[in-house]
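As structure tokens, the structure follows; a few thoughts come after it.
Number of protein chains: 2
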Amino acid sequence: MPKKVDHEQRRTRIAEALWGIAASRGLEAVSMREVATAAGMSIGLVQHYFASKDEMLLYATVLLRDRLSERLRHGLAGMESAAPRDVLRALLVTLLPLDAEARTETLVGVAVFIRALNDETLAARYREGQTRLAAAVAGCLQGLTTDPGTAADTLLALVDGLASGLLLGHHTPEHAISILDRQISQMTESSVRLTE
Amino acid sequence: MPKKVDHEQRRTRIAEALWGIAASRGLEAVSMREVATAAGMSIGLVQHYFASKDEMLLYATVLLRDRLSERLRHGLAGMESAAPRDVLRALLVTLLPLDAEARTETLVGVAVFIRALNDETLAARYREGQTRLAAAVAGCLQGLTTDPGTAADTLLALVDGLASGLLLGHHTPEHAISILDRQISQMTESSVRLTE
DNA sequence: GTTATCGCCATATGATCGTATGGCAAAGGA
DNA sequence: TCCTTTGCCATACGATCATATGGCGATAAC
Numbered sequence: 710m711p712k713k714v715d716h717e718q719r720r721t722r723i724a725e726a727l728w729g730i731a732a733s734r735g736l737e738a739v740s741m742r743e744v745a746t747a748a749g750m751s752i753g754l755v756q757h758y759f760a761s762k763d764e765m766l767l768y769a770t771v772l773l774r775d776r777l778s779e780r781l782r783h784g785l786a787g788m789e790s791a792a793p794r795d796v797l798r799a800l801l802v803t804l805l806p807l808d809a810e811a812r813t814e815t816l817v818g819v820a821v822f823i824r825a826l827n828d829e830t831l832a833a834r835y836r837e838g839q840t841r842l843a844a845a846v847a848g849c850l851q852g853l854t855t856d857p858g859t860a861a862d863t864l865l866a867l868v869d870g871l872a873s874g875l876l877l878g879h880h881t882p883e884h885a886i887s888i889l890d891r892q893i894s895q896m897t898e899s900s901v902r903l904t905e
Numbered sequence: 710m711p712k713k714v715d716h717e718q719r720r721t722r723i724a725e726a727l728w729g730i731a732a733s734r735g736l737e738a739v740s741m742r743e744v745a746t747a748a749g750m751s752i753g754l755v756q757h758y759f760a761s762k763d764e765m766l767l768y769a770t771v772l773l774r775d776r777l778s779e780r781l782r783h784g785l786a787g788m789e790s791a792a793p794r795d796v797l798r799a800l801l802v803t804l805l806p807l808d809a810e811a812r813t814e815t816l817v818g819v820a821v822f823i824r825a826l827n828d829e830t831l832a833a834r835y836r837e838g839q840t841r842l843a844a845a846v847a848g849c850l851q852g853l854t855t856d857p858g859t860a861a862d863t864l865l866a867l868v869d870g871l872a873s874g875l876l877l878g879h880h881t882p883e884h885a886i887s888i889l890d891r892q893i894s895q896m897t898e899s900s901v902r903l904t905e
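Shown next, in the form of structure tokens:
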């Protein structure tokens, strides 16, 4: 057999090149040629690792989700024994596009969201991710508020909207975090009030 | 002079055809040919009314914003003397994609949002619209809560996130409205509590 | 040393894109 | 009646797209 290369590494490099293009110029600017150029490869090589553009896109989105999971795990590292409220805040803040890496991921996520609107397979994956996130958030809220399920949906919808505002530059990071903190406080405080 | 036609009507028909394509298959599926076919025109006729694709897109987005204004005005009709809280609720509910028309508008809005992320002109228009909306919402909240500005940003971000969930089918209309109502109640109630 | 296989590449193909161009029918002013 | 203007259309052009194809070193097995 001839020389061996790490296929996974090649695919990752291609996917990252794709993200860069999608984040800076939108998913519609993503073409085999552009991706190949950005990755420093020939078009043929990209074709060699992904039989079609759709396959490449699929791989890139799956890898993106994995990166988000990783980012969440990293953001929550060492908080196993922290107060649920602090875990909750860390989780939600990690979801916001506050640094370059998170911004790229969110931008690509939005681009994929658009595609999901007309692709039931993608939409189902999206919903599943949201449901899982909501479960995690609701878990943090257990005992902190009445109806943790609704509260979780509320917080996630808020984070979603804040992310849009951040991407557009309509909100500053400080403003977005302040809004989020105020909401968390209000939700946890009001429960105390209601249970008194 | 030869026969006269209503240019504005022609342009509107083209824009509506564009919306239909953008809403059902995404903005990237929008091409001169597709729009012409959907509008029941020749490609040349579309070219006759819009010198370029960008010009067509611009017109379609401006008209979209006008339609949203109209929808808001219609949703708030006859509420001039209603309680601010009811006006607020009507305004926010009108922003949600609850019927087919609103859904199309929101879908196109999201598609344009994506483009705005890499187009500073569009982004500026988007931010201006958001700012104006926030001012209207804050106006409704005057006296109902402390810091109406932050409350307005919170509510609009929440509505944004709820809209995403509705588009994807992750939330049902009833669920989204219930979340919104709960939030409005919490915000207005808590202020009463704080000012007591 | 021969050979099969793997990594990779250059180029071709057919489709579709935005846009440019030239012309035709109709209608009203001269 | 002639002529200019307007509305509209068919076609062409160059670019770019996704994808298919054939081939060229290099390497490891034999």
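So the protein lines, in turn, are chains A and B.
Count along the first sequence from 1, add 709, and you get the number used in our numbering.
Count along the second sequence from 1, add 709, and you get the number used in our numbering.
Yeah, the Cβ is synthetic: ideal placement off N, Cα and C, and Gly gets one too.
Query	Result
Residues of the region 849-878 of chain A whose Cβ lies closer than 8 Å to any Cβ of chain B, in chain order	Thr-859, Asp-862, Thr-863, Leu-865, Ala-866, Leu-867, Val-868, Asp-869, Gly-870, Leu-871, Ser-873, Gly-874, Leu-876, Leu-877, Gly-878
Min CB distance Val-901 of chain B to chain A below 7 Å	The predicted position of Val-901 of chain B is uncertain, since its pLDDT is 46 and thus under 50; no value can be drawn from it.
Whole-Å CB distance - Gln-851 of chain A paired with Gln-895 of chain B, under 8 Å assumed	Contact flag wrong, Cβ pair sits at about 19 Å.
As assigned by DSSP and simplified to three states, the class of Thr-854 of chain A	strand
Gly-858 of chain B versus Thr-854 of chain A - alpha carbon distance	25 Å
Run of the alpha helix (DSSP H) containing Val-932 of chain B, from where it starts to where it stops	One cannot answer for residue 932 of chain B here, as it falls past the ends of chain B, which runs 710 to 905.
Under 8 Å by beta carbon: chain A residues contacting Leu-801 of chain B	Within chain A, no residue comes near Leu-801 of chain B; the closest Cβ sits about 12 Å away, beyond 8 Å.
Under 7 Å between C-beta atoms of Glu-737 of chain A and Glu-737 of chain B	yes
Through-space distance from Pro-806 of chain B to Arg-836 of chain B, alpha-carbon basis	20 Å
Neighbour list for Tyr-835 of chain A in chain B, Cβ cutoff strictly below 7 Å	Leu-877
Alpha carbon of Glu-725 of chain B to alpha carbon of Ala-769 of chain B, nearest angstrom	8 Å
Same chain, Cβ closer than 8 Å to Ala-910 of chain B, five either side skipped, listed in chain order	For residue 910 of chain B there is no data in the structure shown, the boundaries of chain B being 710 and 905.
Nearest residue (CA-CA) to Arg-774 of chain B, options B:Asp-763, B:Arg-742, B:Trp-728	B:Trp-728
Contact with chain A by Thr-904 of chain B, beta-carbon distance below 7 Å	Model confidence at Thr-904 of chain B stands at a pLDDT of 42, short of 50, so the residue's coordinates are unreliable; what they give is reported in the following sentence. So, not an interface residue.
Ala-825 of chain A beta carbon less than 7 Å from that of Leu-816 of chain A	no
Neighbour list for Val-846 of chain A in chain B, Cβ cutoff strictly below 8 Å	Those within 8 Å of Val-846 of chain A in chain B number zero; the least Cβ separation is about 13 Å.
Chain B contacts from the region 735-746 of chain A (Cβ-Cβ distance under 8 Å)	Gly-735, Leu-736, Glu-737
Other residues of its chain near Ala-811 of chain B: CB distance less than 6 Å, five sequence neighbours each side excluded	none
Per-residue contacts from Arg-891 of chain B into chain A (C-beta, under 8 Å)	Thr-859, Thr-863
Member of A:Val-821, A:Val-846, A:Gly-848, A:Thr-803 whose CA lies at the smallest distance from the CA of Ala-872 of chain A	A:Thr-803
Classification of Asp-869 of chain B by the beta-carbon crowding that lies within 10 angstroms, buried from 16 upward	buried
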